[in-house]
Amino acid sequence: MRSSFKRLIACVVVGLVSVAGAVSAADAPPEIPLTIDKNQFQPNEVKVKANTPFVLVITNKSAKAAEFESKDLRVEKVVPAGKTLNVRIRALKPGTYSFLDDFNQQATGRIVAE
Amino acid sequence: MGGTFVITLREGFEAALIMGIVYTYLQKIGAERHYRYATRGGLLGVLASVALGVLVTALSGPLLDLGPDVISLAVILVAVIVLTWHGYWMQQHARAVKGDVQRRIDEAQASHRLWIIGVLAFTGVFREGAETVLFLWGLLTQATSPSGWASATGAVLGLAMAATLGWAIFRGGRHISLQRFFAVTSVFLLLLAAGMFSTGAGRLEAMGVLPQSSMAWDTSLVLDDHGVVGGFLNGLVGYRARPSWLEAGSYLFYLVVAGALLFRSGPPKPRARAPKGQIPAHAA
């Protein structure tokens, strides 16, 4: 029982790592900068082309960690203070997708795909 | 202060619920001396959360972009597996509750390896743990002004409140019957696992691993999943205001498959065993 459980976990890990590899090996889509500073997103409205994947380059300039979260985009990412990270977003249908800083919920914004 | 209180209460609530349930479970099966499985699992969860929090702060580049996602997906998958396993096991026992108490307990400890309890406690704490660590850390570094202190205090009180709720479950859970406790918690764990399963599927969808699907419904005007109530429901039973078809479908899929496993019709029949020295009637 125990060893089969371990084997299962090992399979899960191998699967996830290959998934990560496959995702990072894809073509480079356009990068869209987004900054968190003074408890706000800059800009707080991001316009993107619909049906085209893109990368959000999120920089946290504030002194504390932020969490970029969007239930619409299925993204939940902690951005430590002073760090920059990339979030790949799949091609979006035309529409509005909201996001917020889950650690500081006054900071909100939205992505408009058109 | 109120804002940070709600955030840590929400992050800590799931962990507190699971810890409350596993301790009550051990108490119910008369395995108080095995509380250490839950305690160690929970403590390891806290240590892993701090370690991941430190690691995330130190990482950069692609590791920071994808590392935490891969870890959180792995935790979700393991959590779904152990929750299902444990829920299934409790359901079996809720049914087979008649009979000699001591035999039942020995059986429980033998058939349900107690280390599963440790894994359950670990994943329960670790799932939102690193996030909470980073959140608290940020607040504490800002706690130089009165408003900074108020925020940090609110966050600590939120965690304390979550822990109190977990304790209340443990206290209250001791007074309800074993059968009811098992039945109620196995349903709750089923919904919790369904929510996680669907979240995992959604993450894979967003990462481009699973095919993209359109929005199944939009109830964000009625109950927003970023709000206080919606946020709690999201953590506990996987409520989503704007799920994709894939997420809604995987939620349902999990519920049907795991539900069928848990609630198969009728109690498990005890194996009829002929007393020694007698020939069973049908064999004669």
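Listed in order, the protein sequences are those of chains C and Z. Start counting the first sequence at 0; every next residue gets the next number (numbering that gives the first Met the number 0). Start counting the second sequence at 0; every next residue gets the next number (numbering that gives the first Met the number 0). Beta carbons: idealized from backbone N, C-alpha and C, even for Gly. Quick caveat, the model's predicted, so the values are computed rather than measured.
With respect to the C-alpha of residue 244 of chain Z, the residue from Z:148, Z:214 and Z:229 having the closest C-alpha is Z:214. Counting only Cβ-Cβ distances below 7 Å, residue 104 of chain C has contacts in chain Z at 2, in chain order. Looking at the backbone, the Cα of residue 186 of chain Z and that of residue 86 of chain Z are separated by about 7 Å.
Residues of chain Z whose Cβ lies closer than 8 Å to the Cβ of residue 55 of chain C do not exist, since the nearest Cβ in that chain is about 11 Å away. When secondary structure is reduced to three states using DSSP, residue 29 of chain Z falls in the coil class, being assigned neither helix nor strand. Note that the C-beta distance between residue 64 of chain C and residue 98 of chain C is not below 8 Å. The Cβ of residue 36 of chain C sits no closer than 8 Å to any Cβ of chain Z. Residues of the segment 193-213 of chain Z that bring their beta carbon within less than 9 Å of a beta carbon in chain C comprise 198, 201, 202, 203, 204, 205, 206, 207, 208, 211 and 213, in sequence order.
Looking at the backbone, the Cα of residue 128 of chain Z and that of residue 53 of chain Z are separated by about 12 Å. Counting only the Cα atoms, residue 201 of chain Z lies some 18 Å from residue 64 of chain Z. Beta-bridge partners assigned by DSSP to residue 237 of chain Z: none are found. Residue 67 of chain Z sits in a helix when the DSSP states are folded into three classes. Each of C:28, C:57, C:71 and C:93 was checked against the Cα of residue 219 of chain Z, and the nearest Cα belongs to C:71.
A direct Cα-to-Cα measurement between residue 141 of chain Z and residue 157 of chain Z gives close to 18 Å. If you compare the alpha carbons of Z:195, Z:177, Z:33 and Z:138 with that of residue 13 of chain Z, the shortest gap goes to Z:195.
Inclusion of residue 240 of chain Z and residue 89 of chain C in the CB contact set at 8 Å is not warranted, their separation being larger than that value. When Cβ-Cβ separations below 8 Å define contact, residue 225 of chain Z makes contact with chain C. Within the segment 53-79 of chain Z, the residues whose Cβ lies closer than 9 Å to any Cβ of chain C are, in chain order, 55, 56, 57, 58, 59, 60, 61, 63, 64, 65, 66, 67, 68, 69, 70, 71, 72, 73, 76 and 77. Under the Cβ criterion of 8 Å, residue 84 of chain C is counted among the residues facing chain Z. Taking C-alpha positions only, residue 69 of chain Z is separated from residue 76 of chain C by approximately 12 Å. Going by beta carbons, residue 48 of chain Z and residue 163 of chain Z fall outside the 8 Å limit.
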